[in-house]
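*Asks:* Okay, here's the structure, questions in a sec.
Numbering (the working numbering), first residue to last: 37 to 521.
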């Protein structure tokens, strides 16, 4: 399953991936420059840190009694989480565990190279050869070091131990030895070399970058969020919505384009509604006269023509209902900006509406008597009347339940029936002008597709919202949300 991620999280992930990629490429480049990459680390500043540690240990070992060297090595090993071995250069273990030494380590023990200072590096691959004479007197840290990573996977860090000037003045100079640091963990080796400081520097750089870029990224995502909310409201038909326009960049121009689109859609919608209202108003008079004429004709028509006249009367009645719904639709659609909302007692309104629809024997009402909502009484009555009429028409003749409850600052009015509901793909389109689900297209049971449009417009004019949903295991629910009075 694909997890949707916010844009700002994607930006930070890309930034972290960028840092990791640069680090990986830098490491690969470092080792590609020389076949002796590990030894370059040992001879570099990171190795100097371990060399200083070896100097401390060497002083302890060379000045301690013979029986104390094992304890010194064990204590240092426990402190750093690695194994320390003190060996003579011929391979004899003086202190520490007896480990099988790889052949590469044995070869290194047989060689001696000067440990270069920070300003004196050996070129990669250069071997100064055996050092028979040892380091010059007083050369602190002037012994070689090596870092090997043989095929076994272990790490072997060797540091030649030579005494300090005070020890060299003794009659019997101490033997030439090597301190071996052994570990199977690259993580432990990284801690010993101080690589965690470099990781900390990289993390600090990433954190500084995040802090530096966060205001910019958050401003972009916040502006995009406001544009998304505005376009969602416009898509719901609330064409009066305007997106905030800030700045003259691409996002600012996008906000201006959204506002231009909303203004044009609002203008087109208003023009269409006024046109439909004008047409319906103009048709009202001739249709009314036609109804009167058909009634007179029905009274005077001979018996053989009675059925034909009745058919004409039904067609004229259907036309009159269409004109009436068009008028109601346009009035509800043009009403929102002019409606003054006031507290309305909901329970009496529900009962009056049900009585008007002749549904007192089929509709059960459950609403607190003191419940008030903010809205226009006539528009609310029209909306609830349409919903009750639909529930009785398409509910399969079963009971209809009309309930009202308060939820915080809102009031929810639900109209439930036990009918078959509507197809799932038609739920999102309920309320569109002239849209009718397949089951409501029959002339005997279906209207012209404006009833729910009038409901949605009337509820919107009262500052509320309406949603439609199928109930389980069967049935249909229309839910109106209004502000409490």
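For glycine and all other residues, C-beta sits at the position ideal for the given N, C-alpha and C.
1) Would you check if the segment 418-437 and the segment 494-513 touch, i.e. whether three or more CB-CB distances between them fall below 8 Å?
2) What span of residues does the alpha helix (DSSP H) with residue 504 cover, start to end?
3) In the DSSP output, what is residue 192 paired with across the bridge?
4) Beta-carbon separation of residue 427 and residue 452 under 9 Å?
5) Which residue's Cα is closest to the Cα of residue 213: 225, 124, 291 and 340?
6) Restricting to Cα atoms, I'd like to know which of 227, 299, 290 and 132 is closest to residue 85.
7) Going by CA-CA distance only, name the one from 251, 259 and 275 that's closest to residue 285.
8) Write down the C-beta distance between residue 454 and residue 431 rounded to the nearest angstrom, noting that I regard them as a contact closer than 8 Å.
9) Applying the criterion that 16 or more other CB atoms from any shown protein chain within 10 Å of the CB defines a buried residue, is residue 145 buried or exposed?
10) Determine the direct distance from the alpha carbon of residue 415 to that of residue 327, and round the result to whole angstroms.
11) Rounding to the nearest angstrom, what Cα-Cα distance links residue 110 and residue 240 in this structure?
12) Assuming residue 294 contacts residue 267 (C-beta within less than 8 Å), just tell me the rounded distance between them.
13) How would you write the range of the beta strand (DSSP E) that residue 379 sits in, first residue to last?
14) Would you say residue 182 and residue 225 are within 9 Å of each other, going by their C-beta atoms?
15) Let me know if residue 197 comes out buried or exposed under the rule of 16 or more other beta-carbons within 10 Å of its beta-carbon.
16) Buried or exposed: residue 362, going by 16 or more other Cβ atoms within 10 Å of its Cβ?
17) Closest to residue 380 by CA distance: which of 304, 429, 58 and 409 is it?
18) Between the beta-carbon of residue 120 and the beta-carbon of residue 218, is there less than 9 Å?
19) Assuming the contact rule is C-beta atoms closer than 8 Å, residue 442 and residue 337 should be a hit. Round their C-beta distance to whole Å, please.
20) Name the two residues that bound the continuous alpha helix (DSSP H) containing residue 328.
21) So, with DSSP's three-state summary, where would you put residue 393?
22) According to DSSP, is residue 452 helix, strand or coil?
23) Rounded to whole angstroms, how far is the Cβ of residue 90 from the Cβ of residue 215, which I believe are closer than 8 Å?
24) Taking C-beta to C-beta, are residue 450 and residue 429 nearer than 9 Å?
25) Checking the sheet assignment: what are the DSSP bridge partners for residue 120?
26) When burial is assigned at 16 or more other CB atoms within 10 Å of the CB, is residue 309 buried or exposed?
27) Counting only the same chain and skipping the five closest in sequence on each side, list residues whose C-beta sits under 8 Å from that of residue 390.
28) What residues match up with residue 515 in a beta bridge as DSSP calls it?
29) Leaving out the 5 sequence neighbours to the left and right, which residues in its chain are closer than 7 Å to residue 465 when beta-carbon positions are compared?
30) Look at the alpha carbon of residue 376 and the alpha carbon of residue 274, and state the distance between them as a whole number of angstroms.
31) Tell me the DSSP secondary structure of residue 442 in three-state form.
32) Less than 9 Å separating the beta-carbons of residue 419 and residue 382?
33) For residue 512, which option in 463, 490 and 467 has the closest C-alpha, if you only look at C-alpha atoms?
*Replies:* According to the structure shown:
1) yes
2) Note, residue 504: premise wrong, no alpha helix (DSSP H); beta strand (DSSP E) at 501-506.
3) 184 and 218
4) yes
5) 124
6) 227
7) 259
8) 6 Å
9) buried
10) 28 Å
11) 35 Å
12) So it is a contact: roughly 6 Å between Cβ atoms.
13) 378-381
14) no
15) Result: buried.
16) buried
17) 409
18) yes
19) Not confirmed; about 57 Å, so no contact.
20) 286-336
21) coil
22) Residue 452 falls in the strand class under three-state DSSP.
23) The C-beta distance from residue 90 to residue 215 rounds to 5 Å, short enough to meet the 8 Å contact threshold.
24) No, the pair does not count as a contact, with Cβ atoms beyond the cut-off.
25) 217
26) buried
27) 396, 399, 401, 424 and 438
28) 450 and 503
29) Non-local beta-carbon contacts of residue 465 in its own chain, meaning distances under 7 Å to residues more than five positions away in sequence, involve 471 in chain order.
30) 18 Å
31) strand
32) no
33) 463
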